[in-house]
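Encoded as structure tokens, the structure appears first; notes follow it.
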Amino acid sequence: MNPARNHPSFPPLAVDFDGTLVQEETHRVILGYAFTRRPHLCVHAFFLLITQGVASAKCFLASAVLPRMNPVWTLRSDLYRWLVEEKKRGRSLLLVTGAPLCVVTWQEHWLHLFDDVLTSFPGCNMVGQQKAAQLTARFGEKGFDYIGNSWKDRHVWRVCRQPYVVAPSRGLNRWMARFMSPFCLWTEDGWKKGGVTPTAQTLPGA
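Residue numbers (the working numbering): 54 to 259.
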């Protein structure tokens with residue numbers, strides 16, 4: 054066993070999927086396809102939304118639409134390569150996403166990288182507070198690092214050890230600077246912290 058796995062400065066790293074590991078917000082792509090080409094599916098999804106909640110509607114729509122649209126998600130290859138290096142160091146990686154399992158396994162060649170995958174399923178929408186609660190229950194508050202990209206990820210960043218953000222909006226970037234500093238921002242040159250390279254104490258794997 055690699056001792057780095059249990060070292061306090063080398064905590065597990067949870068990674069978001071939509072807009073983070075891949076460029077697309079997959080739920081928007083799926084909904085857009087269904088709305089324009091299979092509107093009857095949207096009607097049923099809306100019924101599920103009202104009667105069973107967001108997660109059930111999301112899972113139904115994804116499972117019904119994916120075989121028809123056959124999407125190709127755009128992997129952030131530079132970020133993926135960095136994650137590969139972290140894995141080689143012995144770091145535990147988790148894919149934690151609001152997308153249903155069928156979405157993240159549609160192109161499953163990258164899934165071998167992750168020690169576990171947590172996704173939305175009927176009755177559990179794995180975003181925001183739910184995602185934060187799941188990770189905190191598993192690793193404890195401040196017991197993991199998290200890479201995300203959206204406003205809903207604020208709940209997770211507040212309870213993680215080190216927040217990492219990919220392609221944030223201007224508003225989210227300002228919020229991060231105000232409430233989550235120091236945080237690490239993904240750029241073409243790798244992780245940056247406040248416009249400078251993060252210290253060895255901040256960078257995972259150090």
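Virtual Cβ for every residue (Gly too), placed ideally from N, Cα, C.
For L154, which three-state DSSP category applies? Start at 1 with the first residue of the sequence shown, and residue 154 comes out as number 101. Looking at L154 - three-state DSSP - the assignment turns out to be helix.
Per DSSP, T240 forms a beta bridge with which residues? Within the sequence shown, numbered from 1, the residue matching residue 240 stands at position 187. T240 pairs with G243.
Anyone know if the C-beta pair for V209 and L188 falls short of 8 Å? If you number the sequence shown from 1, residue 209 lands on position 156. If you number the sequence shown from 1, residue 188 lands on position 135. In this structure, V209 lies near L188, with their beta-carbon atoms less than 8 Å apart.
Once DSSP output is grouped into helix, strand and coil, what is the label at T89? As a first step, residue 89 must be located in the sequence shown, where it is residue number 36. DSSP places T89 in the helix class (H, G or I) of the three-state scheme.
If contacts are defined as beta-carbon pairs under 8 Å, then K141 and V180 qualify, I think. What distance do you get, rounded to the angstrom? In the sequence shown, the residue the question calls residue 141 occupies position 88. In the sequence shown, the residue the question calls residue 180 occupies position 127. Incorrect: roughly 30 Å between the Cβ atoms, too far for contact.
Whose C-beta lies closer than 8 Å to the C-beta of V212 among residues of the same chain, with five residues either side of it excluded? Working through the sequence shown from its first residue, we reach residue 212 at position 159. For V212, the CB contacts under 8 Å within the same chain, skipping 5 residues up- and downstream, are A185, L188, T189, E194, K195 in chain order.
At which residue ranges does the segment 103 to 182 contain complete beta strand (DSSP E) runs of 3 or more residues, listed in the order of the chain? Fully enclosed beta strand (DSSP E) runs of 3 or longer: 146 to 153, 169 to 173.
Residues of its chain near S109, where Cβ-Cβ distance is below 6 Å and the 5 sequence neighbours each way are ignored: On the sequence shown, position 56 is the one that residue 109 refers to. Once the five neighbours on either side are set aside, the close Cβ partners of S109 are L101, P175.
Would you mind sorting D242 into buried or exposed? The rule is 16 or more other CB atoms within 10 Å of its CB. Looking up residue 242 in the sequence shown gives position 189. D242 comes out exposed.
W244 CB to nearest heavy atom of the ligand ZN below 7 Å: Summarising the ligand content, the structure contains no ligands, and the ligand ZN is consequently not present.
Alpha carbon of S234 to alpha carbon of R91, nearest angstrom: Numbered from its first residue, the sequence shown carries residue 234 at position 181. Numbered from its first residue, the sequence shown carries residue 91 at position 38. So the alpha carbons of these two residues sit roughly 44 Å apart.
Taking the C-alpha atoms as reference points, what is the distance between R236 and V218? The residue given as residue 236 occupies position 183 in the sequence shown. The residue given as residue 218 occupies position 165 in the sequence shown. It should be pointed out that residue 236 corresponds to Phe in this sequence rather than to Arg. Taking the straight line from one Cα to the other gives about 8 Å.
Using a Cβ distance threshold of 8 Å, determine whether the segment 112 to 124 contacts the segment 143 to 151, with at least three qualifying pairs required. Counting Cβ pairs under 8 Å, fewer than three are found: no touch.
Helix, strand or coil at R58 according to DSSP, with G and I counted as helix: In the sequence shown, counting from the first residue as 1, residue 58 sits at position 5. At R58 the pLDDT is 45, less than 50, meaning the model places this residue with poor confidence; the figure from the coordinates comes in the next sentence. Reduced to three states, the DSSP call for R58 is helix.
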